[in-house]
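Taking our numbering, the leading residue of the sequence shown gets 29, the next gets one more, and so forth. Idealized CB from N, CA, C, for every residue including glycine.
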Amino acid sequence: MEIEQTLVLIKPDGVQRGLVGEIIARYERRGLKIAAMKLLQLPRVAAEALYDVHHGKSFYDVLIKFMTSAPIIALAIEGRNAIELVRILNGETDPKKSQPGSIRGDFSVDITHNVVHASDSRRSAQRELDIVFASDERYEYNRADEGTLHVKAM
């Protein structure tokens, strides 16, 4: 398993409901680390770039409006198999299909207000990280337990 980075966005509903600490703690408890983090009001142009794959779909305008409606937390999450592990921890995009114990299973209201976004592949992770973070906003460091902790996908 290679070390990789993925983008996680804690959406406006997650920030407004005070779930930021709980969400970050779930990633960190699995041995993942934060390589970058910031609170921001997502500009429309950035939201459109992040979700361009959905352009033309019935929910696109609602999604863009929601993602730009209030502050979000953007995270570059790093670790072994980080992309897959984050997606497992997050649960299914549709919270009705998410398992209890997953972030979306525990906290989502509906498919739009599903608390988090995460990259779905290495290619999209790199593209999305570059949209949200400048290269000098991501940091390298070692967690105290990095040499001994072995993270496995669930």
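Q: Quick one: grab the DSSP three-state call for Val114.
A: Three-state DSSP puts Val114 in a helix.
Q) Which value, in whole angstroms, describes the spacing of the CA atoms of Ala181 and Glu112? A) Because the pLDDT at Ala181 is just 47, under 50, the model does not fix this residue reliably, and the point stays unresolved.
**Q.** Local Cβ density within 10 Å of Ala98, reported as buried at 16 or more and exposed below that
**A.** Its Cβ having fewer than 16 others within 10 Å, Ala98 is exposed.
Q. From Phe87 to Ala172, what distance separates their C-alpha atoms?
A. Rounded to whole angstroms, Phe87 to Ala172 spans 43 Å at the Cα level.
Q. DSSP on Ile62, reduced to helix/strand/coil?
A. In the structure shown, the three-state DSSP call for Ile62 is strand.
Q. Nearest CA to the CA of Val143: which residue from Val90, Val48, Glu32?
A. Residue Val48 is the option with its Cα nearest to Val143.
Q) Anyone know if the C-beta pair for Ala102 and Ala64 falls short of 9 Å? A) Contact annotation: Ala102 and Ala64 have beta-carbon atoms nearer than 9 Å.
Q) Which same chain residues, not among the five before or five after Ser130, have their C-beta less than 6 Å away from its C-beta? A) So the qualifying residues of the chain are Gly119.
(Q) Closest to Asp164 by C-alpha separation, out of Gln69, Val137, Ala104, Gly133, would be which residue? (A) Minimum Cα distance to Asp164 is reached at Ala104.
Q.
Ser147 and Leu35 - do their beta-carbons sit closer together than 9 Å?
A. Contact flag set, yes.
Q: Pick out whichever of Leu68, His82, Tyr79 has its Cα sitting closest to the Cα of Ile100.
A: Distance from the Cα of Ile100 is smallest, within the candidate group Leu68, His82, Tyr79, for Leu68.
Q) Taking the C-alpha atoms as reference points, what is the distance between Gly133 and Arg54? A) Straight across, the Cα-Cα distance linking Gly133 with Arg54 is about 13 Å.
Q: Just the C-alpha distance for Val114 and Ser149, rounded to the nearest angstrom, thanks.
A: Answer to the nearest angstrom: the Cα atoms are 11 Å apart.
Q) So, helix, strand or coil for Pro71, using DSSP? A) Coil at Pro71, not helix or strand.
Q) Near Pro128, which residues of its chain fall below 7 Å by C-beta distance, leaving aside the five closest residues on each side in sequence? A) Taken in chain order, the residues that qualify are Asp134.
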